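Numbering (this note's numbering), first residue to last: 77 to 295.
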């Protein structure tokens, strides 16, 4: 047992428990990692984070038991890690993302940190909240994770037109741009040529972004 491990064991905070869990996973000491997670008592959102560590542990332990490396993950294991990434949990999502990137299962570029004045903001259109509140989702995308295609169902806000559906990489590169001619419809989006990764689907109306969703692609 090294000095860092001794220090972590004696500190006893939630953050340190998770750090120690990841250290045990790196050492393939899955029993010790599982014991720590089982002794963490949290609720609500913190419980979701703990369960994400459980899922990461399950993937790593399954690979180890099968004598495989991260380069030999199957589609289910990749999808499990992508789910952790997409939930954007503290620490564990970064661990999962780095694992996928290292395995060549995910293309990722660190997003640019722009000044607040340059960041895109949602615009709230006038009207009843149930019709125009932009916290409402105007798109439904499935299946997720997607493989060869995905279906985008959309509904444009009343009295607004000139809709456009765009698909971009996580690095911001525009990959598809589709003009929407109906107020309510669906689009089948071919993912041929798309690599494993996370893509941004945005719904634009009158040159404003009214909805934005992330979609994982797993080949």
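Built from N, CA and C at the ideal position, the CB exists for glycine as well. Keep in mind the model is a prediction, meaning the values are calculated, not measured.
Can you list, in chain order, the residues of its chain with a C-beta nearer than 8 Å to that of residue i? Leave out the 5 residues immediately preceding and following it.
| i | result |
| --- | --- |
| residue 197 | Summary for residue 197: the model assigns pLDDT 42, below 50, so the residue's position carries little reliability; its value from the coordinates is reported in the next sentence. Counting only Cβ-Cβ distances below 8 Å, and skipping sequence neighbours, we find nothing. |
| residue 164 | none |
| residue 106 | 100, 133, 136, 137, 140 |
Helix, strand or coil for residue i? Go by DSSP, reduced to three states.
| i | result |
| --- | --- |
| residue 106 | helix |
| residue 125 | helix |
| residue 222 | strand |
| residue 169 | helix |
| residue 207 | Below a pLDDT of 50, predicted positions are generally treated as unreliable, and residue 207, at 37, falls in that range; no measurement from the model is reported. |
| residue 120 | helix |
| residue 261 | strand |
| residue 281 | strand |
| residue 275 | strand |
| residue 266 | strand |
| residue 287 | strand |
| residue 178 | helix |
| residue 292 | strand |
| residue 230 | strand |
Kindly give me the distance between the Cβ atoms of residue i and residue j, rounded to whole angstroms, as I take these residues to be in contact under 8 Å.
| i | j | result |
| --- | --- | --- |
| residue 239 | residue 280 | 7 Å |
| residue 133 | residue 109 | 6 Å |
| residue 93 | residue 116 | 6 Å |
| residue 253 | residue 265 | Residue 253 to residue 265, Cβ: 11 Å. No contact. |
Between which two residues does the alpha helix (DSSP H) harbouring residue i extend?
| i | result |
| --- | --- |
| residue 241 | Where residue 241 is concerned, there is no enclosing alpha helix (DSSP H), although the beta strand (DSSP E) it sits in stretches over 239 to 245. |
| residue 151 | 151 to 163 |
Less than 7 Å between C-beta atoms, sequence neighbours within five positions excluded: which residues of the same chain meet that for residue i?
| i | result |
| --- | --- |
| residue 219 | 226 |
| residue 160 | 128, 131, 132, 168, 169, 172 |
| residue 289 | 215, 217, 277 |
| residue 97 | 109, 112, 113, 129 |
| residue 228 | 215, 217, 241, 262, 263, 265, 277 |
Starting from residue i, trace the beta strand (DSSP E) in both directions and tell me its first and last residue.
| i | result |
| --- | --- |
| residue 254 | 250 to 256 |
Excluding the 5 residues preceding and the 5 following residue i in the sequence, name in chain order all residues of the same chain whose CB lies nearer than 6 Å to its CB.
| i | result |
| --- | --- |
| residue 183 | 271, 273 |
| residue 259 | 232 |
task = Determine contact between the stretch 175 to 182 and the stretch 91 to 103, defined as no fewer than three beta-carbon pairs at a distance below 8 Å.
result = no
query = Three or more beta-carbon pairs under 8 Å between the stretch 266 to 275 and the stretch 231 to 238, yes or no?
reply = no
key: Touching by the beta-carbon criterion (3+ pairs, under 8 Å), the stretch 145 to 153 and the stretch 113 to 123   = Contact fails between the stretch 145 to 153 and the stretch 113 to 123, because fewer than three Cβ pairs, one in each stretch, are under 8 Å apart.
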